[in-house]
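Participant: Handing you a structure now.
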Amino acid sequence: MTNYSDLSTREAYGTILVELGQANNNIVVLDADVSRSTMTKFFAQAFPERFVECGLAEQNMISIAAGLASCGKIPFASTFAVFASSRCFDQVRMCIAQPKMNAKIVATHGGVTVGEDGSSHQAIEDIALFCSLPNFTVVVPSDSTEAVEVIKTAVSIEGPFYIRLGRPKTPVLYGSGCAFKLGKADILRDGNDVTIVSTGIMVAKALEAAGHLSQSGISCRVLNMSTLKPVDVQAIIEAARITRAIVTAEEHLLHGGLGSMVAQILASSIPVPMISIGINDTYCKSGKPEELLEIHGLTSENIEKAVKDVIARKSAA
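Numbering (the numbering used here), first residue to last: 83 to 399.
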């Protein structure tokens, strides 16, 4: 049995694809000349007759995926997140979202943690773009074991999916066979002073911050919001009702991502003090992943500061 905890989310994706392909002949995989990076190379080696190398033609890859879906296949189309979201947005909108095709876009190298590849390869707008599309389900797993369950879920549920994965290995938060529930936030830590709502790699940093803050007597609830569309509205409202203060954390632009979604829900249902951690309306530089996270304030220390600031606002209200 594969130990997915030893893998990055992209490696877990490539590995589970082969297992799913053995059980389901309708699964086909497409890639845009980066299969060694997206790890679809494993599927290509195992099932060459069900793998389509599309070359540097992401728009064509999406159109082919739509055609395969229309014939009853379950296509998984993979490339880097920046290309899946921006380079072929028109094809995604017209060929997959509007006709509600059963196609799964699984993109790797999300966020700034692609590191030295630089701003041309850093997807920081992709969540906003895919969440804007009707009919799409959007998921950002927090670790490799959750990624495996997300891919299994995507196979079993009809309709378009966008799943964002990362390049480097990340801390493992879940055991094998974790119970992922599409559209449901997972309470990883309970608390009553503040809620940290996080997604993707920022979930581990939220837990780290919550652990440090507990030493100062601050009790943090931590939500893993891996499903961003449909977002778990009730979990956000319940957290706001109990803790009366919210901090969001994401590896994405502040506008159009998790923070924007949570703010909209709070504004219309239960307004409470809120601070968002994310990338502040700028493109990023080339650098090592941890350096870039530091530059853009995507650290546990920044989350801790935001928690203290939002609690102060709550107390002053």
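The beta carbon of each residue, even a glycine, is placed where N, CA and C say it ideally should be.
Contact check, leucine 340 vs isoleucine 361 under 8 Å by CB: the rounded distance?
Facilitator: The Cβ separation is near 12 Å, so there is no contact.
Participant: Over the uninterrupted alpha helix (DSSP H) stretch that includes tyrosine 95, give me the two end residues.
Facilitator: Its alpha helix (DSSP H) spans residues 91-105.
Participant: Using DSSP bridges, identify the partner residues of lysine 186.
Facilitator: Lysine 186 is bridged to Phe158 and Phe243.
Participant: Between the segment 145-158 and the segment 106-122, can you find at least three pairs of beta-carbon atoms closer than 8 Å?
Facilitator: At 8 Å Cβ cutoff, the stretches touch.
Participant: Look at the alpha carbon of leucine 310 and the alpha carbon of alanine 139, and state the distance between them as a whole number of angstroms.
Facilitator: The alpha-carbon atoms of leucine 310 and alanine 139 are separated by roughly 28 Å.
Participant: Could you tell me which uninterrupted beta strand (DSSP E) segments, each at least 3 residues in length, are contained entirely in the segment 202-246, listed from first to last along the chain?
Facilitator: Taking only runs of at least 3 residues, the beta strand (DSSP E) segments lying wholly in the segment 202-246 are 219-221 and 243-246.
Participant: Quick check on DSSP: helix, strand or coil for aspartate 412?
Facilitator: In the structure as shown, the chain starts at 83 and stops at 399, and residue 412 therefore has no counterpart that could be examined.
Participant: Which runs of the alpha helix (DSSP H) spanning at least 4 residues fall entirely within the segment 313-374, listed in chain order?
Facilitator: Segments of the alpha helix (DSSP H) lying fully in the segment 313-374: 315-325 and 340-351.
Participant: Under 8 Å, do proline 242 and phenylalanine 262 count as touching if we go by C-beta distance?
Facilitator: In this structure, phenylalanine 262 does not lie closer than 8 Å to proline 242 by Cβ.
Participant: Is the beta carbon of isoleucine 324 closer than 8 Å to that of valine 304?
Facilitator: Cβ atoms of valine 304 and isoleucine 324: not closer than 8 Å.
Participant: Could you give the residue range of the alpha helix (DSSP H) that holds alanine 142?
Facilitator: Per the sequence presented here, residue 142 reads as asparagine, with alanine not at that position. Per DSSP, asparagine 142 belongs to the alpha helix (DSSP H) from 140-152.
Participant: Is any heavy atom of the ligand PLP found at a distance shorter than 7 Å from the C-beta of lysine 287?
Facilitator: This structure lacks the ligand PLP; in fact it carries no ligand of any kind.
Participant: Could you compute how far the alpha carbon of alanine 166 sits from the alpha carbon of isoleucine 187?
Facilitator: Spanning the two alpha carbons is a distance of roughly 8 Å.
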